[in-house]
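Residue numbers (the working numbering): 1483 to 1567.
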C-alpha cells in the first residue's frame, strides 16, 4: 500500500519538478524537492534523498547558477532503475 502511494506520488511529482525547473519557479522546485526528499527517505533511497535535499536548499536560496536539470535527470534515472517513472 505505501509503496503504491509512493509510486503514484513520484509519477506525479517528477513531471511537475521538470516544469518548475523549466519555469525557474524556485518556490515550487523547493516544495517538490522537499516532498521527494521526505518520501525517498522513508524508503531509504539515500541517493535520491541526498540529491533532492541539495536541490531543495539551492532552490530556497534561489540559486540560479545551480545545475537543476542534471540533478533532476539523476533523480529521474534513479527512480527509473527501480521502475517508478
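All residues carry an ideal CB built from backbone N, CA and C; glycine is no exception.
* To do: Could you name the residues of the same chain whose beta carbon sits closer than 6 Å to that of residue 1550, not counting the 5 residues immediately before and after it, in chain order?
  => Hits under 6 Å: 1503.
* Out of curiosity, what's the CA-to-CA distance linking residue 1506 and residue 1484? -> Near 31 Å, if we compare the C-alpha coordinates of residue 1484 and residue 1506.
* **CB contact below 7 Å: residue 1483 versus chain B** => In summary, chain B is missing from the structure at hand, where a single protein chain is found.
* Just the Cα atoms here: how many angstroms apart are residue 1500 and residue 1510? -> 10 Å
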